[in-house]
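Everything below concerns the one structure shown next.
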Amino acid sequence: MNGISLGKYLPLDSCFHRLDPRAKIGALLMVMIAIFLPAGFLGYFIIGASVLVATYLSKLRLNFLWKAMKPMLFMLIFLLIVNLLVIKEGTLLFQIGSFGIYSGSLVQTLYIVIRLTLMVIITTILTATTKPLDLTLGIEDLLKPLKKCKVPAEEIAMMISLALRFIPTLMEETQRIMKAQMSRGIDLEEGKLKEKIMSILSLIVPLFVSAFQRAADLADAMEARGYVPSQPRTRYKQLRMQKKDYLFLIICLGIIIANIILWRLS
Amino acid sequence: MKAINVEKLSFSYDKQNTILKQLSFHIEEGSYTTIIGHNGSGKSTIAKLLIGLLEKDEGSIYIQGIELKEETLQTIRSKIGVVFQNPDNQFIGATVADDIAFGLENHQVDPEKMEDIIQNFAHKVGMNQYLQQEPTKLSGGQKQRVAIAGVLAMTPSILIFDEATSMLDPKGKEEIKRLIKEIHQLHNITILSITHDMEEVAQSDHVIVLKQGRIVMEGKPADIFLNDQQLKDLQLDIPFQWKLKQELEKRGITLSNELTIEEVVDELCQLRLKK
Amino acid sequence: MSITFKKVSHIYQKDTPFAYKALDKIDIHLQQGRMTAIIGATGSGKSTFIQHLNALLLPSEGSINICDREIRSDEKPKNLKELRKQVGLVFQFPEYQLFEETILKDVCFGPKNFKVTQEEAETTAKQMLQIVGLNESYYAISPLDISGGQKRRVAIAGILAMNPDILVLDEPTAGLDPQGAKDMMKLFKELNTVHKKTVLLVTHDMDHVLEYCDDVVVIKDGHIEKHCDVSSFFQDCEALREMGICPPAVIQLKEQLQQKGFAIEKQALSLQDIVKAIVKEVKQ
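Here it is in structure tokens:
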């Protein structure tokens, strides 16, 4: 588990950690839009530079970002190959058998690689600097206007926060059941396919049974404490936007505008 | 007015297995009542029926004079707090403070006022040092104390403990039992505790003994323990002091009722002097 | 078939900033055929200790001799499956490891993992269900449809069906009602005396230790605080309290009577013995 960076929260103390989660989610969305504007390499340079500054300010190490990128490498290479073979624009650079590699395909591929890399990095910055629960609160607040279109914002947020609350408990449970079944002789590494299937069943069935039991208990406890889905509630943790949050959003807006200008000029 | 009044209550999950049969009992305001019976006697079902988590087949339930119905459900739930058996499965919030806040949020308490309320009740259960802790870092006993703070914060007039100490280690058990006693004495809250712990039963005002969904004995703990043969038939134990008293009586040494071990020893010393 | 730990340490997440030493140079010798209680506060290392007995956890330092095998920290052990058959480990709340369609199938699961034929597995399973007190009417029922206490019995039968020489149980009576707990302890005593299994059990219940066990091991902060037989263990109340153990009521009574000058033999540990002593003092 220690090798994964994508989606992991790092409890550091930086100015990015202290920003309002809504501002950070908003910024993420704006930078995403900027990334998809066809503003050419200069546009990507502006975004890339900003992202580097953001990484520095959030006290994240480049190594941490690299680890977040790793799972994406396979996809990038796959895209690279497909693009090189399919796109036939620009000048022919060289030919292998019946396949030609064109300059246009190289440019296109580079664009995609840059876009994906930037997206993964900004998402990683968001999740590494924001506690999962604060992220949930932010999502809840941002979804609130959608309540008019019958989007159950509070219920969605409640579901996410309960899931987050029970992840460690269920991980522990999985460990325990695994050890219990290993004591009964299951072997997850060796054995025939049929035995392996039985082994996996012997883990999954008990895990489900216990998860359902927990869910039933939890529902009872919530109801007993007066929880009624879709009824109005107040919230203990209140988020407050401050000057620095607005300033941060304005900077991100600046990035979009710069990219729009570049796109229009080209 | 009775805190709880139950009349001819019946309940079954399916047609074949009736869990509760025509159960009638009442609980006095401000009393400490325990319900005992071996597993499967229907004890825990009672707790769930009282706060409307399960729906009764027949009979009626009155909480402080209000009948439990669809319309009164939320009113009644605001009067009763329940602490369940499994400390993990009733911890709802991400931290201690969030968990205590959960009930307050449901009752639409002003967020500005929550901080003080949380501090106050966390202090009452001795958890004010742990407000920002996550549940994985807490012991079972600590989680149960948080659960108690969470229900107390909603200022209920009745507290139900549904085997709340059965999954704890001896230290946790003692802590929670002491806390329940303290709450009862300090806050004048009616306590209904479903338990296996005979020491706790000995400390309560009133005992209800269940067998297969029926009340078979009811009364003061001292009166119940005198019927030790019947308790044995019900596969229930009696506290150590009572066993000792009975063993001595068989050999012609009579002691007074309701004694702690220290008091038994003192009485025996006096008897020895008189010899 | 005895068990010997030589300077065994266990470190979780070794070589990381989260490294945590749960066992610290443990030396212990457990005799064959005894029923031993393992006690200690939550987090003392007792869970870590018992998981070394069937090599679910391996020592970070030191070596363990168990069932004619040696497990050392400096070599990767092979064929652990064989050891897991000889040392049956029952986890806390074992009812959560049941998963088959029927009780009989579930009990057969263990032996079948050890390449026993279907028929043999079924014969053993039926014997073991008999021992834990479940008759043939239970064979075809789903293990999810019975009471909590019965589920636990099925789970224990599932471990017994592998025919282990050593049975290790982690808080086997947790969450049962007092009668259910007593019946369970009686079952372990029977397995120990009649079926000659070496039994090790983690428990918090001192009454059970006093009534059913032969030996006691106290684990504290990752080391063995005490290892002795039950009667000498309960003779010194002061020492018990120092270890954070609340003595059983009968021992408390004995202590207080002795302080008031009642003559009670050191060996007297049951209510009957003490009542006899009281009668002697008060009446004769």
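Residue numbers (my numbering), protein chains in the order written: chain A, 510 to 775; chain B, 4 to 278; chain C, 46 to 329. Positions of the beta carbon are idealized from the N, C-alpha and C atoms, including for glycine. Keep in mind the model is a prediction, meaning the values are calculated, not measured.
Below-9 Å beta-carbon distance, residue i vs any chain B residue
i, result
"Val275/C", "no"
"Pro741/A", "yes"
"Gly193/C", "yes"
"Gln142/C", "no"
"Met668/A", "no"
"Tyr745/A", "yes"
"Val199/C", "no"
"Asp726/A", "yes"
"Ala38/C", "In this structure chain C extends from 46 to 329, so residue 38/C is not present and cannot be described."
"Gly647/A", "no"
Test: residue i CB closer than 9 Å to a CB of chain C
i, result
"Glu681/A", "no"
"Asn511/A", "Residue placement at Asn511/A is flagged as unreliable, the pLDDT there being 46, under the threshold of 50; the coordinate-derived value follows with that caveat. Asn511/A counts as touching chain C."
"Ser692/A", "yes"
"Asp643/A", "no"
"Asp172/B", "yes"
"Ala689/A", "yes"
"Arg254/B", "yes"
"Val86/B", "no"
"Glu178/B", "no"
"Asp236/B", "no"
N- and C-terminal bounds of the alpha helix (DSSP H) containing residue i
i, result
"Met539/A", "Pro530 to Phe545"
"Lys180/B", "Pro173 to His190"
"Val755/A", "Before going on, a small fix: residue 755/A reads as Tyr here, not Val. Unbroken alpha helix (DSSP H) run through Tyr755/A: Lys752 to Leu774."
"Phe50/C", "No alpha helix (DSSP H) holds Phe50/C; the beta strand (DSSP E) holding it covers Ile48 to Tyr57."
"Ile556/A", "Gly549 to Leu566"
"Ile586/A", "Leu571 to Val595"
"Ser196/B", "Unbroken run through Ser196/B is the beta strand (DSSP E), Thr193 to Ile197; no alpha helix (DSSP H)."
"Glu235/C", "Pro223 to Thr238"
"Ser15/B", "Per DSSP, Ser15/B belongs to no alpha helix (DSSP H); it is in the beta strand (DSSP E), Ile7 to Ser15."
Spatially closest choice to residue i from the options, by CA coordinates
i, options, result
"Asn131/B", "Asn123/B, Glu137/B and Pro138/B", "Asn123/B"
"Asp165/B", "Leu239/B, Lys18/B, Ile30/B and Ile38/B", "Ile38/B"
"Leu149/C", "Gln175/C, Phe159/C, Leu134/C and Val53/C", "Gln175/C"
"Thr78/B", "Lys59/B, Ser34/B, Thr158/B and Lys18/B", "Thr158/B"
"His187/B", "Ser207/B, Gln273/B and Gly62/B", "Ser207/B"
"Ile197/B", "Ile66/B, Gly175/B and Lys180/B", "Lys180/B"
"Tyr141/C", "Thr636/A, Asp529/A, Met539/A and Leu716/A", "Leu716/A"
"Gly129/B", "Lys277/B, Arg254/B and Lys146/B", "Lys146/B"
"Thr243/C", "Ala284/C, Val327/C and Gly133/C", "Gly133/C"
"Asn109/B", "Ala730/A, Ala543/A, Met750/A and Ala563/A", "Ala730/A"
"Glu202/B", "Leu26/B, Ala104/B, Lys246/B and Glu61/B", "Lys246/B"
"Ile264/C", "Gly85/C, Ser92/C, Glu287/C and Tyr257/C", "Gly85/C"
"Lys328/C", "Ser47/C, Ile191/C, Phe307/C and Arg198/C", "Phe307/C"
N-terminal and C-terminal residue of the beta strand (DSSP E) that residue i is part of
i, result
"Val210/B", "His209 to Lys214"
"Glu698/A", "No beta strand (DSSP E) holds Glu698/A; DSSP gives it neither H nor E."
"Ala82/C", "Met80 to Ile84"
"Ser63/B", "Glu61 to Ile66"
"Ile22/B", "Thr21 to Ile30"
"Val244/C", "Thr243 to Val247"
"Leu214/C", "Ile211 to Asp215"
"Arg275/B", "Unbroken run through Arg275/B is the alpha helix (DSSP H), Ile264 to Lys277; no beta strand (DSSP E)."
"Leu68/C", "Tyr65 to Leu75"
"Phe243/B", "Where Phe243/B is concerned, there is no enclosing beta strand (DSSP E), although the alpha helix (DSSP H) it sits in stretches over Phe243 to Lys253."
Beta carbon proximity, residue i to chain A, threshold 9 Å
i, result
"Met173/C", "no"
"Asn208/C", "no"
"Gly90/C", "no"
"His126/B", "no"
"Gly78/C", "no"
"Ile204/C", "yes"
Chain-ordered residues of the region 215-248 of chain C with a beta carbon less than 8 Å from chain B
Taking 8 Å as the upper bound on Cβ-Cβ separation, chain B lies near residues Ala219, Gly220, Leu221, Asp222, Pro223, Gln224 and Gly225 of the region 215-248 of chain C.
- Task: Closer than 9 Å, Cβ to Cβ, to anything on chain B: give me those residues from the region 283-317 of chain C, in chain order.
- Result: Contact annotation: in the region 283-317 of chain C, residues whose CB is within less than 9 Å of a CB in chain B are Gly289, Ile290, Cys291, Pro293, Ala294, Val295, Gln297, Leu298, Gln301, Leu302, Gln304, Lys305, Gly306, Phe307, Leu316 and Gln317.
Could you please tell me which residues of the region 41-64 of chain B, in chain order, have their CB closer than 8 Å to any CB of chain A? Hits within the stretch, in order: Lys51, Ile54 and Leu56.
**Item:** Near-chain A residues of the region 109-139 of chain C - C-beta to any C-beta below 9 Å
**Value:** Taking 9 Å as the Cβ-Cβ cut-off against chain A, the residues of the region 109-139 of chain C that qualify are Leu125, Lys126, Arg129, Lys130, Val132, Gly133, Leu134, Val135, Phe136, Gln137, Phe138 and Pro139.
### Query
Closer than 7 Å, Cβ to any Cβ of chain B: which residues of the region 711-724 of chain A, in chain order?
Within the region 711-724 of chain A, the qualifying residues are Arg723.
Open item on the list: Quick check for students: name the residue ranges of the alpha helix (DSSP H) that lie wholly in the region 84-135 of chain B, counting only runs of 4 or more.
Closed with: Taking 4 residues as the minimum length, the alpha helix (DSSP H) runs contained wholly in the region 84-135 of chain B are 99-109 and 114-127, in order along the chain.
Quick check for students: name the residue ranges of the alpha helix (DSSP H) that lie wholly in the region 613-685 of chain A, counting only runs of 4 or more. When DSSP assignments are scanned along the region 613-685 of chain A, the uninterrupted stretches of alpha helix (DSSP H) that are 4 or more residues long and fall wholly within it turn out to be 641-652.
Any alpha helix (DSSP H) of 4 or more consecutive residues that is wholly inside the region 93-172 of chain C | Taking 4 residues as the shortest admissible run, the region 93-172 of chain C contains the following complete alpha helix (DSSP H) segments, listed from N- to C-terminal end: 125-131 and 148-158.
Legend entry - Inside the region 244-314 of chain C only - beta strand (DSSP E) runs reaching at least 3 residues: Taking only runs of at least 3 residues, the beta strand (DSSP E) segments lying wholly in the region 244-314 of chain C are 260-265 and 268-274.
Output needed in chain order: residues of the region 88-107 of chain B with a Cβ under 7 Å from some Cβ in chain C. Within the region 88-107 of chain B, not one residue has a Cβ closer than 7 Å to any Cβ of chain C.
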